[in-house]
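Reading through the structure tokens given below for one structure.
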Amino acid sequence: MKEVLEEKLKKEFSESSFEFTEQFGELTIKFDKSLIVPVCKLLKQDEALAFILCEDITAVDWATRTNRFTVVYHIFSMKHSFRLCLKADVDNADNKIDSVSFIWKAANWPEREVFDMYGISFNNHPDLRRMYMPEDFEHHPLRKEFPLMGIPGSVSLPKK
Amino acid sequence: MQKLTKDDVHPKIVQALLGADSHITLEDALENEMILNMGPQHPATHGVLRLLLRLDGETVIACVPELGYLHRGYEKMAENMSYMEFIPHTDRLDYISPPANNVAYALAVEKLAGITAPPRAQYIRMLLAELARMCSHLVSIGALAMDVGALTVFLWGLREREKILDFFDVICGARFTTSYTRIGGVASDVTSGTLKKIIEFLDQFEEKLDEMERLLNGNRIFIERLEGVGIISKDDAIDLGFTGPNLRGSGVEFDLRRATPYLFYNEMDFTIPVYTEGDSLARYFVRADELRESSKIIRQVIDKMPNGEVMLNSPKKVLPRKTEIYTKMEELIHDFMIVNFGINPPAGEVYSAVENPKGELGFYIVSKGEGHPWKMKIRSPSFANLQAVPHLVKGYMISDVVAIVGSIDPIMGEADK
Amino acid sequence: MGLESKLVNDGFITTTVDALAAWARENSVWPMPMGISCCAIEMMASGDPKYDISRFGSEVMRFTPRQCDLMIVAGTVTYKMAHVVKKIYDQMPEPKWVIAMGACTSSGGMYRSYNVVQGIDQFLPVDVYAAGCPPRPENLLNALMQIQSKVGKSRVKDFPDAPELGFEPKQTEVSL
Chain H
110 MKEVLEEKLK KEFSESSFEF TEQFGELTIK FDKSLIVPVC KLLKQDEALA FILCEDITAV
170 DWATRTNRFT VVYHIFSMKH SFRLCLKADV DNADNKIDSV SFIWKAANWP EREVFDMYGI
230 SFNNHPDLRR MYMPEDFEHH PLRKEFPLMG IPGSVSLPKK
Chain U
2 MQKLTKDDVH PKIVQALLGA DSHITLEDAL ENEMILNMGP QHPATHGVLR LLLRLDGETV
62 IACVPELGYL HRGYEKMAEN MSYMEFIPHT DRLDYISPPA NNVAYALAVE KLAGITAPPR
122 AQYIRMLLAE LARMCSHLVS IGALAMDVGA LTVFLWGLRE REKILDFFDV ICGARFTTSY
182 TRIGGVASDV TSGTLKKIIE FLDQFEEKLD EMERLLNGNR IFIERLEGVG IISKDDAIDL
242 GFTGPNLRGS GVEFDLRRAT PYLFYNEMDF TIPVYTEGDS LARYFVRADE LRESSKIIRQ
302 VIDKMPNGEV MLNSPKKVLP RKTEIYTKME ELIHDFMIVN FGINPPAGEV YSAVENPKGE
362 LGFYIVSKGE GHPWKMKIRS PSFANLQAVP HLVKGYMISD VVAIVGSIDP IMGEADK
Chain F
-8 MGLESKLVND GFITTTVDAL AAWARENSVW PMPMGISCCA IEMMASGDPK YDISRFGSEV
52 MRFTPRQCDL MIVAGTVTYK MAHVVKKIYD QMPEPKWVIA MGACTSSGGM YRSYNVVQGI
112 DQFLPVDVYA AGCPPRPENL LNALMQIQSK VGKSRVKDFP DAPELGFEPK QTEVSL
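Protein chains in written order, with this note's numbering: chain H, 110 to 269; chain U, 2 to 418; chain F, -8 to 167.
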């Protein structure tokens, strides 16, 4: 499967670099964030590959690197029973990436969750609101600088 | 349920509700139609799910679910505690079938650490996962029946579930939130007397299940309330991220126990029930059939269970046995290191998914080589299944919303994490 | 409080009527199940045939606050949900009691995080705390029995807002 993917991606996107890693039996492909929409379209619509199930979208906060966040996509191909992981780095200064919710409808809510928890905005997302925290909450909880017990005064409590 | 004016609802939610039909302006929308709040506290919402419905009379035009009323901060807490300390938290994810979540988490951490539990432990895990699946489906069918008005089935389902919880009590020590699996095996062994009692339970379970089905399957009210309600096509179901019984009710034969086998499922003989209609009645039938398949799998597991130990003997990664801790020096030191500093898996990341009763439960763990994870993401099936609710309820009436949410069977503990 | 509001003086007949009303109230405590998470499943299990809450007179688990006198808060209360719980509590008519079921409602439980209220007694007056994670159904029934003994000892004097004549709403934020 790895060779098929390598060949198809290098054919379509010959100028860009793809980093393939295999760990614990899972394949991961890392590339630049501007390519996310064309690559996902290819992976979904290609007849031989057919990655039609988007399982999850999440992000990792590396805290002290220059490219602070990595957005991670897990997609699954039922035809080959094969799971693939895609990664794209996003910097804190320019924390925007294109949304894939028009490719897989299942990507809608996970992207909202990433926005709520990390503050990464998705361009062209149909409805980018917070997922879990109340709308007037000002921080992004899963960033590494947010304390576990929260910031006092950021959420309100009813009076006794 | 309360009627809201446009000042009560947050403007972004109003925008999302009206986004369904973009040529209607804010003023006209609220003259002809109404926004109804099916609030977090409601007997039929299976937990604290808030649904905002935009209605034209009784028909639903758009629906916006709002989650977050049970967001307990699991992922942030996981970054601050060791792998073993997180096991009790996994119980409370899908809180109707706690042993299944324990098994999923233990498999994920073992994949990261590069260890495999001994065969007897794996068979015991399969036994518990299938018993948990039976618990979950009994409650699910009972709650669905209760939502559409059949209260007796709910009590009969709970009566059978109490017998299964007695088994959890004997095997795991706790009847409900079990926290039974450990990294490298399970906490304690199962005696053959318990296994015999489980077989006796299964022998009488088939006729009790037949009794429950006799009440429902021919019942005209039940069928009319569920047939043709909440239809979703095969392609839409996969595109919206459905997994589990909801997907199998739409004609897709996909089960992680067959597609990416884990534990010893590839040696078990069972069929995957699939129904093609895609409505709520099909999803109910899938769950009822899965109860029978699970009892078949449990019989095979008990038949084939090998003898052996239940915890792996790898002192650096797995907790040593209590008898050795009290007598030998190295085991004492390893126990101290593992409990205080955690097992230190190699740096890397892993995504491991199992077939939970609700769908696919996945754990994505990023480790930097320390005792606690750098990041843990829980891919919960109910979160993905709830995403389809706005798509499913369009055009149906309010009472159908209750039936649809019941047939999707969300659990807010895992949807909100 | 209806009948007793007309009989506030401590005569022989009125104390007997008072005790009778308290006995009736004690044996028919209708719970309002504020079922939020895992403890709600154990609350459901205390209503099933094995543990049978209806022998205590409490099987009528109405989900509308207007008809209940006991609120069982079962499950982790987050900050977002706390407003909802308080609103439902305000909608219950007097006299009312609260059971805080489980570790999460008593003190935040095992969740020491940014979104969980560390104990519902920060915004609700609690009468009985039931410990456990989740408490076994027998534990919940024990808590119910303690509430019953508390209800049985209550008299008109304990509810000073009982109006003598006419009707005066106690709180101003009423919806539904």
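For each residue, glycine too, the CB sits at the ideal point set by N, CA and C.
Can you list, in chain order, the residues of its chain whose CB lies under 6 angstroms from that of residue i, leaving out five sequence neighbours each side?
i, result
"residue 181 of chain H", "167 and 196"
"residue 88 of chain F", "61, 118 and 138"
"residue 96 of chain U", "414"
"residue 401 of chain U", "230"
"residue 139 of chain H", "128 and 196"
Please list, in chain order, all residues of the same chain as residue i whose beta carbon is under 8 angstroms from its beta carbon, the five residues on each side excluded.
i, result
"residue 106 of chain F", "69, 70 and 71"
"residue 348 of chain U", "368, 369 and 370"
"residue 103 of chain F", "109"
"residue 34 of chain U", "55, 56, 57 and 62"
"residue 101 of chain U", "95, 129, 130, 133, 134, 137, 355, 357, 358 and 362"
"residue 375 of chain U", "80, 367, 368 and 369"
"residue 149 of chain U", "222, 223, 226, 227, 403, 404 and 407"
Which residue comes first and which comes last in the beta strand (DSSP E) that contains residue i?
i, result
"residue 98 of chain H", "Residue 98 of chain H falls outside the range modelled here, since chain H spans only 110 to 269, and no answer is possible."
"residue 356 of chain U", "349 to 357"
"residue 303 of chain U", "Premise fails: residue 303 of chain U lies in the alpha helix (DSSP H), 281 to 305, not in any beta strand (DSSP E)."
"residue 51 of chain U", "51 to 57"
"residue 109 of chain F", "Per DSSP, residue 109 of chain F belongs to no beta strand (DSSP E) and is neither H nor E."
"residue 23 of chain F", "22 to 26"
"residue 345 of chain H", "The question about residue 345 of chain H has no answer here: the residues shown for chain H are numbered 110 through 269."
"residue 360 of chain U", "360 to 368"
"residue 67 of chain U", "60 to 67"
"residue 36 of chain U", "35 to 39"
"residue 206 of chain H", "205 to 207"
Between which two residues does the alpha helix (DSSP H) carrying residue i extend?
i, result
"residue 223 of chain U", "221 to 227"
"residue 170 of chain H", "It is not in any alpha helix (DSSP H) - residue 170 of chain H instead sits in the beta strand (DSSP E) that spans 162 to 170."
"residue 202 of chain U", "193 to 218"
"residue 143 of chain U", "120 to 149"
"residue 403 of chain U", "399 to 409"
"residue 1 of chain U", "Only positions 2 to 418 of chain U appear in the structure, and residue 1 of chain U is not among them; the question remains open."
"residue 238 of chain U", "235 to 240"
"residue 113 of chain H", "111 to 121"
"residue 16 of chain U", "12 to 19"
"residue 151 of chain H", "145 to 154"
"residue 142 of chain H", "Premise fails: residue 142 of chain H is in no alpha helix (DSSP H) and is neither H nor E."
"residue 73 of chain U", "Taken as a continuous stretch (DSSP letters only), residue 73 of chain U belongs to no alpha helix (DSSP H), as it is neither H nor E."
What does residue i reach in chain U if we use C-beta pairs closer than 8 angstroms?
i, result
"residue 132 of chain H", "349, 350 and 351"
"residue 33 of chain F", "177"
"residue 135 of chain H", "351 and 352"
Using a Cβ-based criterion (distance less than 7 angstroms to any ligand heavy atom), does residue i qualify as near the ligand NAD?
i, result
"residue 204 of chain H", "Within the structure as shown, the ligand NAD is missing, as the structure has no ligands at all."
Just the chain F side, please: which residues come within less than 8 angstroms of residue i by C-beta, in chain order?
i, result
"residue 266 of chain H", "70, 73, 108, 113 and 114"
"residue 258 of chain H", "103, 104 and 105"
"residue 269 of chain H", "113, 114, 115 and 116"
Taking Cβ-Cβ distances shorter than 7 angstroms, what residues in chain H pair up with residue i?
i, result
"residue 265 of chain U", "Going along chain H, no residue has its Cβ under 7 angstroms from residue 265 of chain U, so there is no contact; the nearest lies around 18 angstroms."
Anything in chain F within Cβ reach of residue i, meaning under 7 angstroms, just list it in chain order.
i, result
"residue 250 of chain H", "105"
To which residues of the same chain is residue i closer than 7 angstroms at the C-beta, ignoring the five residues directly before and after it?
i, result
"residue 224 of chain U", "282"
"residue 142 of chain H", "197, 198, 199 and 206"
"residue 147 of chain U", "155"
"residue 105 of chain U", "355, 357, 362 and 364"
Can you pull the chain U residues whose beta carbon is under 7 angstroms from the beta carbon of residue i, in chain order?
i, result
"residue 214 of chain H", "240 and 241"
"residue 124 of chain F", "178"
"residue 79 of chain F", "42"
Counting only Cβ pairs nearer than 9 angstroms, list the residues of chain U close to residue i.
i, result
"residue 176 of chain H", "The premise fails here: residue 176 of chain H is roughly 15 angstroms from chain U at the closest Cβ pair, so nothing lies under 9 angstroms."
Residues of chain F with a CB under 9 angstroms from the CB of residue i: which are they?
i, result
"residue 70 of chain U", "27, 69, 71, 72 and 75"
"residue 163 of chain U", "36, 39, 40, 41 and 42"
Original post:
Which ranges does the beta strand (DSSP E) cover as unbroken runs of at least 3 residues, wholly within the region 34 to 107 of chain F, from first to last along the chain?
Top reply: If we require 3 residues or more, the beta strand (DSSP E) runs fully inside the region 34 to 107 of chain F come out as 61 to 65 and 88 to 92.
Subject >> Residues from the region 97 to 116 of chain U in contact with chain F, defined by Cβ distance under 9 angstroms >> reply: 97 and 99
Subject >> Proximal residues, the region 7 to 20 of chain F versus chain U, C-beta separation under 9 angstroms >> reply: none
Original post:
the region 142 to 167 of chain H: which residues have C-beta closer than 7 angstroms to a C-beta of chain U, in chain order?
Top reply: 161, 162, 163, 164, 165 and 167
Original post:
Which residues, in order along the region 229 to 247 of chain H, keep a beta-carbon less than 7 angstroms from a beta-carbon of chain U?
Top reply: 236, 238, 240, 241, 242 and 244
**OP:** Report the residues of the region 229 to 263 of chain U with a CB closer than 7 angstroms to any CB of chain H, ordered along the chain.
**Re:** Flagged, chain order: 239, 240, 241, 242, 255, 260 and 261.
**OP:** Residues of the region 178 to 212 of chain H with a CB closer than 7 angstroms to any CB of chain F: list them in chain order, please.
**Re:** none
Subject >> Inside the region 217 to 262 of chain H only - alpha helix (DSSP H) runs reaching at least 4 residues >> reply: DSSP assignment within the region 217 to 262 of chain H yields the following whole alpha helix (DSSP H) runs of 4 residues or more, N-terminal first: 217 to 227.
Original post:
Can you list the beta strand (DSSP E) stretches of 3 or more residues lying completely in the region 109 to 135 of chain F, in chain order?
Top reply: 119 to 121
Original post:
What residues from the region 384 to 399 of chain U come within 7 angstroms of chain H, judged by C-beta to C-beta, listed N to C?
Top reply: Hits within the stretch, in order: 384, 385 and 388.
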